[in-house]
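Each residue of the sequence shown is one higher than the one before, counting from 3 in this note's numbering. Quick reminder that beta carbons are idealized off the backbone N, C-alpha and C, glycines included.
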Amino acid sequence: MLQLEKRPNPSRFWGRATPVLAVFLTMIAGSILFALLGKNPFIAMRTIFWDPILGEYAFYFRGQLLVKAGPLILIAIGLSLGFRAGIWNIGAEGQYIMGAIFGAGVGLALYPMEGWFIFPLMVLAGVFGGWLWAMIPAILRTKFNTNEILVSLLLVYVAEALLASMAVGAMRNPQGNGFPGSRNLSQYPSAANLEIWAGTGIHWGVIAATGAVISAYFLLQRHILGYHISLSGQAPKAARFAGINPNKMIVICLGLSGALAGAAGLFEVAGPAGQISIDFNVGYGFTAIIVAFLGRLHPVGIALAGLLMALTYIGGENASTALGLPAAAIQAFQGMLLFFLLGVDILTNYKIKWIKGRWK
3 MLQLEKRPNP
13 SRFWGRATPV
23 LAVFLTMIAG
33 SILFALLGKN
43 PFIAMRTIFW
53 DPILGEYAFY
63 FRGQLLVKAG
73 PLILIAIGLS
83 LGFRAGIWNI
93 GAEGQYIMGA
103 IFGAGVGLAL
113 YPMEGWFIFP
123 LMVLAGVFGG
133 WLWAMIPAIL
143 RTKFNTNEIL
153 VSLLLVYVAE
163 ALLASMAVGA
173 MRNPQGNGFP
183 GSRNLSQYPS
193 AANLEIWAGT
203 GIHWGVIAAT
213 GAVISAYFLL
223 QRHILGYHIS
233 LSGQAPKAAR
243 FAGINPNKMI
253 VICLGLSGAL
263 AGAAGLFEVA
273 GPAGQISIDF
283 NVGYGFTAII
293 VAFLGRLHPV
303 GIALAGLLMA
313 LTYIGGENAS
323 TALGLPAAAI
333 QAFQGMLLFF
343 LLGVDILTNY
353 KIKWIKGRWK
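Now the structure itself:
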């Protein structure tokens, strides 16, 4: 029979190989799922993974790939810092929403004023909104020892309620004939997150995501704070003996992740989404958790994982349109990625041995 035997040290090979294996197993399981739905699995996989990169309309899809990957990478970078320190922020979706509300609020409050300073003010407000929302679980954890997983997750539903309230109340477009939703920020040049180079999909959110990857890499590799973050997660007792304040780490990590999620929300509401609406949030905060772990909590890995996950979004939408696949099937396909990643990740710390004998 098969038995798991704990490794003396985590396997570096499997640590790097498990994301690749998880993607491969996801493609196999996804093919079976699509076949059961009556679709040709080879055509489905080609539509999802090949066409957006090298297909007939690849130029258009590549631009959309960057648009989708930007917020995922930005949020996942922030989450990875906390996860490395053993701090579990599961509420990035709420911080993403609050960043959008705060940032859009500044832009709408200054409408129709023109000026170069409006968009930077919106970015600062978005960062502050996400940071402020993340400080709630941080303060409750440090002062009352509450569980940051539960608090941050429950705050997502509060943020969604506030979003709906703003869409039909304080931020509703006065010229929108009573329909929910704010003014379209993309039609307000001073507050719009427009493409920097037309047709490429590159806007300030993509630039910010690239900057976050580079900054996080140097933080973790070259800065004492990055060392403190890693040590706090790997050896909490040793970190305390070294004089690292765990409460300080909680505030810093949750604050950074909230700020980056809030920035992602602002870049999205001022760019692709264009307005505050009831259905503004599309689950980027939760998907970013998959991206963070698929990238092994490493900045470069997260950038690649973000592009891969964005590819499943773009390719999935393409497959839904071209092949008639239900949206739920695409969501299940994306969920398989995390399921297999967590499943095969056991090979990093355990090895499988075959032991002769009977099952007991």
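| query | result |
| --- | --- |
| Residues in its own chain within less than 8 Å of L258 by CB, not counting five upstream and five downstream? | G80, L83 and G84 |
| Taking contact to mean at least 3 C-beta pairs separated by less than 8 Å, is the segment 266-275 in contact with the segment 207-214? | yes |
| From A312 to F51, what does the alpha carbon distance come to, in whole angstroms? | 10 Å |
| Could I get the ranges of all uninterrupted alpha helix (DSSP H) runs contained in the segment 202-279, with 4 residues as the minimum, in chain order? | 206-224, 226-236, 238-243 and 248-271 |
| Mind the definition here: the segment 277-286 touches the segment 300-307 only if three or more C-beta pairs lie below 8 Å; say whether that holds. | no |
| For L222, which residues from the same chain have a beta carbon less than 6 Å from its beta carbon, with the 5 sequence-adjacent residues on both sides left out? | G228 |
| Spell out a yes or no on whether the segment 64-76 and the segment 235-249 are touching, meaning 3 or more CB-CB pairs, one atom from each, closer than 8 Å. | no |
| Within the segment 144-178, note down every full alpha helix (DSSP H) run reaching 4 residues or more, in order along the chain. | 150-170 |
| Of all the options G65, V170 and A102, which has the alpha carbon lying nearest to the alpha carbon of G128? | A102 |
| Output the distance between the C-alpha atoms of A262 and A331, rounded to the nearest integer angstrom. | The sequence given here places Leu at residue 262; Ala does not occur at that position. When rounded, the distance between both Cα atoms is 30 Å. |
| Which value, in whole angstroms, describes the spacing of the CA atoms of W361 and P43? | Bear in mind that a pLDDT of 46 at W361, under 50, signals an unreliable position, so the number given afterwards is only what the model happens to contain. Going from the Cα of W361 to the Cα of P43 covers about 37 Å. |
| For the beta strand (DSSP E) that contains L339, what are its first and last residues? | Here L339 belongs to no beta strand (DSSP E); instead the alpha helix (DSSP H) covers A329 to V346. |
| Out of L142, V25 and E162, point me to the one whose CA is closest to V153's CA. | L142 |
| Measuring CB to CB, does L339 end up less than 9 Å from A46? | no |
| Reducing DSSP to helix, strand and coil, say where W361 ends up. | Note on W361: pLDDT 46, under 50, position unreliable in the model; no value is reported. |
| Looking at C-alpha atoms only, which residue of I99, L68, M115 and P248 is the closest neighbour of W199? | L68 |
| Could you give the distance in angstroms between the alpha-carbon of I99 and the alpha-carbon of I252? | 21 Å |
| So which of R14, L306, T49 and S33 has the shortest CA-CA distance to V215? | L306 |
| Which of the three DSSP states is assigned to Y352 in this structure? | strand |
| Between the C-alpha atoms of K145 and H230, what's the straight-line distance to the nearest angstrom? | 21 Å |
| Decide yes or no for the touch test of the segment 15-30 against the segment 333-348: beta carbon pairs closer than 8 Å, at least 3 of them. | yes |
| Spatial neighbours of N186 within its chain, please: CB distance less than 7 Å, with the 5 preceding and 5 following residues excluded, ordered by chain position. | G276 and Q277 |
| So is R86 buried or exposed if we call it buried at 16+ other beta carbons inside 10 Å? | buried |
| Out of curiosity, what's the CA-to-CA distance linking L123 and I92? | 27 Å |
| For the alpha helix (DSSP H) holding Q97, just list the boundary residues, first then last. | A94 to L112 |
| Grab me the residues of V108's own chain with a C-beta within less than 7 Å of its C-beta, minus the 5 sequence neighbours each way, in chain order. | L123, M124 and A127 |
| Work out the CA separation of A218 and A31 for me, nearest whole Å. | 34 Å |
| Which value, in whole angstroms, describes the spacing of the CA atoms of V158 and G260? | 12 Å |
| For S167, count neighbouring Cβ atoms within 10 angstroms of its own Cβ and tell me buried if that reaches 16, exposed if not. | exposed |
| Rounded to the nearest angstrom, what separates G96 and G171 at their Cα positions? | 19 Å |
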